[in-house]
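Enquirer: Here's a structure for you.
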Amino acid sequence: MSSVQSLKKRYVVQTAYLLTAFVLLNYAFAQDTSLSTAMESITITSRKISQSMLEIPYSVYTVDNDEITAKNYRTTTDIFRDVPGAMSQKTSHGQGSPFLRGFTGFHNLFLVDGIKLNNAVFRSGPNQYWNTVDPLSVQRMEIVMGPSSVLFGSDGIGGTVNAITKQPNVDEDDPKFTMFVQGANASNLNIQGLAFEKSITLDSAIRVSANRKDFGDIESGESVLPNTGYDEANFDIKWLHQFNEGWNVTFAHFLTHQQDVPRTHKTVFSVPFNGTEIGSELARNLDQKRQLTYFRVKKQELSLLTHFNAVLSFQQQDERRHRVRTGDRIDNQGFSVNTIGLILDSGVTVNDLGILFGTDVYRDSISSFSSSNIIQGPVADDASYTTTAGYTELHWSARNNLKLIAGLRYSHISTRAKQVEEPLTKQVISIDKSWSDLVGSFRAQYKIGASSILFAGLSEGFRAPNLSDLTRLDSARSNEFEIPSVNLDSENFVSYELGYRKRDTKASIDLAVYYTNIDNQIILFPNGEITDNGEIIITKSNQGDGYIYGSDISYTYELTQHISSHFGLSYQYGKTKSIPQAGSVLTEDYISRLMPLSGQLSIKFASQRANWWIEPQIQGMAKADKLSARDKTDIQRIPPNGTPSFMLLHIRGGYEFSNQISLNWAIENLFNKNYRVHGSGQNEVGRNLVASIIWEF
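Numbering-wise, the sequence shown is residues 1 to 697 according to my numbering.
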C-alpha cells in the first residue's frame with residue numbers, strides 16, 4: 001500500500017472513530033428532548049419532498065431570509081462564505097462561484113424553485129452565473145452537499161443548491177409594501193428595493209418586487225481597486241392561486257440584468273497581490289441578462305399519490321463580452337441560451353415503504369457570435385443540448401429507528417451543433433453526440449433518541465460533457481485559450497459519507513466525513529501551441545482519475561436564553577491525474593484551487609425584549625499552498641507561493657424600531673486586513689461599514 005493510500009485510510013478510520021465517539025458521548029450526556037420539539041426544525045424541499053432535518057441522511061445546510069438580510073450579503077455567492085465545506089471564490093466581485101467540497105462551475109447544481117439554472121454553456125472553472133440570482137428574492141437557500149444525481153441528474157457533484165423564492169401571502173388582505181435600502185463605504189454599494197404584496201381574492205395573491213444595485217469600485221485593506229464596479233437591476237413577480245381540494249397554481253417571472261461587469265484581473269487595472277501579475281487588456285466587461293418564467297401545478301395527496309408536482313419553465317440567458325486590447329484592438333463575443341424545461345414528480349406510500357418517482361426534460365437552444373470568428377462564438381453556434389431522465393427513490397422504514405433509502409436514475413443526453421471550428425483546419429464541422437448512464441444511491445439513517453441521527457451513504461455522480469467542454473473557443477485562466485475537444489466522454493464519481501446531526505432546544509450539530517472517488521474526469525492541459533496573441537492553447541481529455549476527502553463540522557449552542565454561540569470548521573485534501581505541461585506524462589497533482597483549512601466562531605447576544613442583537617464573528621482560512629500545475633500558471637490570480645492565510649473580525653448587529661421598521665448593520669473586516677480568497681481574481685473588501693433598513697407599510 002502506498003503512503004498516500006495509507007494516509008487516506010488512516011484519515012477515514014480516525015475521523016470515523018472520533019465521530020462515533022462524539023456521538024456516543026453526546027447521547028450519553030444529552031438531556032431528554034421530546035420528539036415534537038426535535039421535529040420542529042425546518043423542512044427541506046431540495047429532496048423533492050418536504051422533510052425534517054432529522055429525516056435527511058445527507059449533509060444539509062439552510063440560510064433563510066432573516067439571515068440573508070441580517071448579514072447584508074452583497075450577492076448570492078457571498079452567502080456561501082458562512083457554509084461549512086464551501087469556499088466563496090470570486091474571479092471578480094460580479095463573477096463569484098462557490099466551491100462545494102472541492103468542486104465548482106458545472107460540477108455544482110443550482111436550482112431556482114427546483115428549476116435548473118445550469119445549462120450547456122456553464123464552464124468547468126468558476127463562472128458568474130450564480131450571481132444572476134438576486135438574494136433579495138430568496139426566502140430560503142437549501143444546500144445539499146455531495147452528489148444528487150439520482151434526483152437531479154448531471155452537474156450535482158460537489159453539491160446541489162435550491163434557492164426558494166419568496167411567496168405571496170393569500171392572507172394579506174391589505175396592500176403590503178416593503179422598502180429595502182442598503183449602503184456601504186468600502187464596498188461602495190448602494191441598493192434600493194421595493195416589494196408589493198396583496199391578496200387578490202380569498203384564494204389568490206400576488207407579489208411584485210424590483211430593485212436597483214449600484215456596485216462601485218471597492219476598497220481593499222490597502223487601496224481602492226479600480227474598475228471593479230458595475231450596475232444591476234432585478235424584477236420579479238409571482239402569482240399564487242389556491243383552488244378547491246388543495247390544488248395550488250403558481251406563475252412566476254424573474255429578470256436580472258447586469259451591465260459592464262469587469263473581469264479586472266485580465267486588465268491593466270488589476271492590483272498585484274503577493275507577487276501576482278497585472279493583466280494586459282485595457283477592458284474586459286460582460287453584460288448578463290437572465291429571465292426565468294415558470295408555471296407550476298401542485299397538490300398534496302391526490303388519490304393514491306402522496307403528492308403531484310408539474311412545472312413548465314422557460315429560461316433565457318444572454319451574455320455579451322466587450323474586450324479592448326492594446327493597439328486599438330476591439331472584439332465582441334457572446335451567446336444566447338433558451339431553455340425549455342418540464343418537471344413531473346410524485347410518490348406513493350405502501351405500508352412502511354415510500355416510493356418517489358419522476359421525470360424531467362430540459363432542452364437548451366444555443367446561438368453564439370464573435371466579431372473575430374465567423375464560425376462560432378465562445379461556444380458552438382446553432383446548437384442544441386437535450387437532457388431526458390427518469391428516476392425512482394425508495395424510502396423504507398426498516399425498524400423503528402432505522403430508515404433505508406435507495407434510488408436509481410437513468411439519463412439520456414444528446415447534443416447537436418452545426419457551427420464548430422475544427423482546431424487544426426479552422427474549418428466548419430458539426431457534432432452529433434449522445435450519452436446515457438444509470439446511477440444509483442444508497443443511504444441509511446439511524447435515529448439516536450428523539451433529537452439525533454447517524455447517517456451513512458454511497459452516492460454515484462454522473463456528468464456528461466456539455467457544449468463548453470466540447471466546443472469552448474475562448475480565453476480561460478491567466479494567459480490560456482481553450483479550443484474545441486469534440487471526442488469527450490462522461491465523467492463518473494462515487495461519494496462515501498458518514499455523518500451525525502442533532503437538533504434540540506439547546507444545540508444544533510452537523511458533522512460529516514466524506515470521500516469522493518473521481519473517474520474519467522475531463523482535464524485541461526496545454527497542447528504545446530501558442531495563439532497569435534501569446535496565449536497558451538489548452539485542450540481536454542478524460543484522464544482525470546483522482547479523489548478528494550474531507551470533513552465538516554457546524555455547531556450552534558444556546559448558552560442562555562439570550563446568548564448563543566456558533567462554531568464551524570472544514571478540511572479538504574485531494575489529488576487527481578493531470579498533464580502539467582505539453583508532452584509530459586500523466587502526473588498525480590493536487591486538486592485545482594483546493595480549499596485550505598477554514599473555520600469561524602461567533603457569539604450572538606440578543607436583548608430580553610428581542611428588539612436588538614449583536615454578533616461578533618471571527619473568520620479564518622489557512623494558507624493555500626497545495627497548488628496544482630495550472631494553479632501555478634494562473635499568475636494573475638494565485639500568488640507564486642500560494643494564497644496567504646487570513647484571520648478576520650466582523651461585528652454585526654440589528655435593531656427593531658417597531659414591527660414595521662428594522663435596521664441591520666455591520667463592521668466587516670474590523671482590522672482592515674488586506675486578503676484574498678484562494679483562486680479569486682482580486683482582493684476582498686477592507687474595513688467596511690454596512691447598514692440596511694427594512695420598512696414595511
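All C-beta atoms, glycine included, are put in the ideal place defined by N, C-alpha and C.
Grab the span of the alpha helix (DSSP H) containing residue 152 for me, first residue to last.
Expert: The residue given as residue 152 occupies position 152 in the sequence shown. Note, residue 152: alpha helix (DSSP H), 149-152.
Enquirer: Is the Cβ-Cβ distance between residue 286 and residue 324 less than 8 Å?
Expert: On the sequence shown, residue 286 is found 286 positions in, with the first residue counted as 1. On the sequence shown, residue 324 is found 324 positions in, with the first residue counted as 1. For residue 286 and residue 324, no; Cβs fall outside 8 Å.
Enquirer: Among the residues of its own chain, which have a CB less than 6 Å from the CB of residue 248, if the five just before and after it don't count?
Expert: What you label residue 248 is simply residue 248 of the sequence shown in a count that begins at 1. Taken in chain order, the residues that qualify are 242 and 298.
Enquirer: Suppose contacts are defined by Cβ-Cβ distances below 8 Å. Is residue 141 in contact with residue 49 by that definition?
Expert: Locating residue 141 in the sequence shown gives position 141, where the first residue counts as 1. Locating residue 49 in the sequence shown gives position 49, where the first residue counts as 1. It is not a contact, given that the beta carbons lie outside the stated cut-off.
Enquirer: Measuring alpha carbon to alpha carbon, tell me which residue in 538, 597, 527 and 308 is nearest residue 699.
Expert: For residue 699 there is no data in the structure shown, the boundaries of the chain being 1 and 697.
Enquirer: State the CB to CB distance for the pair residue 59 and residue 666, rounded to an integer number of angstroms; the pair is presumed to be in contact (CB under 8 Å).
Expert: Translated into positions along the sequence shown, residue 59 becomes position 59. Translated into positions along the sequence shown, residue 666 becomes position 666. Not a contact, Cβ separation roughly 28 Å.
Enquirer: When you compare the CB of residue 537 with every CB in chain B, is at least one pair closer than 8 Å?
Expert: Chain labels in this structure do not include chain B; a single protein chain is all it has.
Enquirer: At which residues does the beta strand (DSSP E) containing residue 467 begin and terminate?
Expert: In the sequence shown, residue 467 corresponds to position 467, counting from 1. Unbroken run through residue 467 is the alpha helix (DSSP H), 467-471; no beta strand (DSSP E).
Enquirer: Output needed for residue 302: all residues of its chain with C-beta closer than 7 Å, excluding positions within five of it in sequence on either side, in chain order.
Expert: Here residue 302 refers to the residue found at position 302 of the sequence shown. For residue 302, where only same-chain residues beyond five positions count, the Cβ hits under 7 Å are 308.
Enquirer: For the putative contact between residue 356 and residue 347, defined by C-beta atoms under 8 Å, what is the C-beta separation to the nearest angstrom?
Expert: On the sequence shown, position 356 is the one that residue 356 refers to. On the sequence shown, position 347 is the one that residue 347 refers to. Contact flag correct, Cβ pair sits at about 4 Å.
Enquirer: If you follow the alpha helix (DSSP H) that residue 68 is in, where does it begin and where does it stop?
Expert: As a working note, residue 68 is residue 68 in the sequence shown. Looking at the DSSP string, the run of the alpha helix (DSSP H) that includes residue 68 is 65-70.
Enquirer: For residue 135, does the three-state DSSP call read helix, strand or coil?
Expert: Looking up residue 135 in the sequence shown gives position 135. Here DSSP, grouped into helix, strand and coil, assigns residue 135 to helix.
Enquirer: What is the DSSP secondary structure of residue 21, reduced to helix, strand or coil?
Expert: Position 21 of the sequence shown holds residue 21. For residue 21, the predicted structure reports a pLDDT of 40, less than 50, and the residue's modelled location is therefore unreliable. The matter cannot be settled from this model.
Enquirer: Within the continuous beta strand (DSSP E) that includes residue 632, where are the two ends?
Expert: Position 632 of the sequence shown holds residue 632. Under the DSSP assignment, residue 632 falls outside any beta strand (DSSP E), being part of the alpha helix (DSSP H) whose first and last residues are 629-633.
Enquirer: Hey, residue 502 and residue 445: beta-carbon distance below 8 Å or not?
Expert: Taking the sequence shown and counting its residues from 1, the one referred to as residue 502 is at position 502. Taking the sequence shown and counting its residues from 1, the one referred to as residue 445 is at position 445. No.
Enquirer: Hey, could you find the ends of the beta strand (DSSP E) residue 186 is sitting in?
Expert: To locate residue 186, count along the sequence shown from 1; it is residue 186. Looking at the DSSP string, residue 186 is not in any beta strand (DSSP E), and its letter there is neither H nor E.
Enquirer: Are the beta-carbon atoms of residue 219 and residue 188 separated by less than 8 Å?
Expert: Stepping through the sequence shown from its first residue, residue 219 is reached at position 219. Stepping through the sequence shown from its first residue, residue 188 is reached at position 188. Taking 8 Å as the Cβ cut-off, residue 219 and residue 188 qualify as a contacting pair.
Enquirer: Of the choices 292, 509 and 467, whose alpha-carbon is the least far from that of residue 486?
Expert: Your numbering for residue 486 matches position 486 in the sequence shown. That would be 467, whose Cα lies nearest to the Cα of residue 486.
Enquirer: If we require 3 or more residues per run, which beta strand (DSSP E) segments fall completely within the segment 606-679?
Expert: 612-621, 646-656 and 661-668
Enquirer: Nearest-angstrom Cα distance between residue 662 and residue 656?
Expert: Counted from its first residue, the sequence shown places residue 662 at position 662. Counted from its first residue, the sequence shown places residue 656 at position 656. In a straight line, the C-alpha of residue 662 is about 4 Å away from that of residue 656.
Enquirer: Based on the DSSP secondary-structure assignment, which residues constitute the bridge partners of residue 295?
Expert: Residue numbering aside, residue 295 sits at position 295 when the sequence shown is read from its first letter. According to DSSP, residue 295 bridges with 251 and 312.
Enquirer: Should residue 389 and residue 442 be called a contact, given that it needs their Cβ atoms to be closer than 8 Å?
Expert: Position 389 of the sequence shown, counted from the start, is the residue given in the question as residue 389. Position 442 of the sequence shown, counted from the start, is the residue given in the question as residue 442. Cβ atoms of residue 389 and residue 442: not closer than 8 Å.
Enquirer: Taking residue 170 as the reference, give the member of 179, 291, 120 and 238 with the closest Cα.
Expert: As a first step, residue 170 is located in the sequence shown; it is residue number 170 there, counting from the start. For residue 170, the closest alpha carbon among the candidates 179, 291, 120 and 238 is that of 238.
Enquirer: For the segment 664-682 against the segment 587-601, are there 3 or more C-beta pairs whose distance is under 8 Å?
Expert: yes
Enquirer: Buried or exposed for residue 697, please, with buried defined as at least 16 other CB atoms from any protein chain shown within 10 angstroms of its CB.
Expert: As a working mapping, residue 697 is identified with position 697 in the sequence shown. Answer is exposed; the Cβ neighbour count stays below 16.
Enquirer: Less than 8 Å between the beta carbons of residue 624 and residue 643, yes or no?
Expert: Taking the sequence shown and counting its residues from 1, one reaches residue 624 at position 624. Taking the sequence shown and counting its residues from 1, one reaches residue 643 at position 643. Taking 8 Å as the cut-off, the Cβ atoms of residue 624 and residue 643 count as close.
Enquirer: For residue 542 versus residue 488, is the C-beta spacing smaller than 8 Å?
Expert: If you number the sequence shown from 1, residue 542 lands on position 542. If you number the sequence shown from 1, residue 488 lands on position 488. Yes, they are a contact pair.
Enquirer: Residues bridged to residue 571 by DSSP?
Expert: Locating residue 571 in the sequence shown gives position 571, counting from the first residue. BP columns for residue 571 point to 551.
Enquirer: Among 476, 493, 649 and 609, whose alpha-carbon lies nearest the alpha-carbon of residue 546?
Expert: Taking the first residue of the sequence shown as position 1, residue 546 is located at position 546. For the residues 476, 493, 649 and 609, the minimum Cα distance to residue 546 belongs to 493.
Enquirer: Taking DSSP's pairing of strands, which residues face residue 525 in a bridge?
Expert: Walking along the sequence shown from the start, residue 525 turns up at place 525. Note: residue 525 sits in a beta bridge opposite 539.
Enquirer: Could you tell me if residue 463 is buried or exposed, where buried requires 16 or more neighbouring beta carbons within 10 angstroms of its beta carbon?
Expert: Against the sequence shown, residue 463 aligns to sequence position 463. Counting Cβ neighbours within 10 Å, residue 463 comes out buried, since at least 16 surround it.
Enquirer: Can the beta-carbon of residue 723 be found closer than 8 Å to that of residue 182?
Expert: Because the chain in this structure spans residues 1 to 697, residue 723 falls outside the shown range and cannot be described.
Enquirer: Expressed to the nearest angstrom, what Euclidean distance is found between the alpha-carbon atoms of residue 304 and residue 137?
Expert: The count along the sequence shown starts at 1 and reaches residue 304 at position 304. The count along the sequence shown starts at 1 and reaches residue 137 at position 137. Answer to the nearest angstrom: the Cα atoms are 35 Å apart.
Enquirer: Which of helix, strand or coil does DSSP assign to residue 373?
Expert: Stepping through the sequence shown from its first residue, residue 373 is reached at position 373. In the three-state reduction of the DSSP assignment, residue 373 falls in the strand class.
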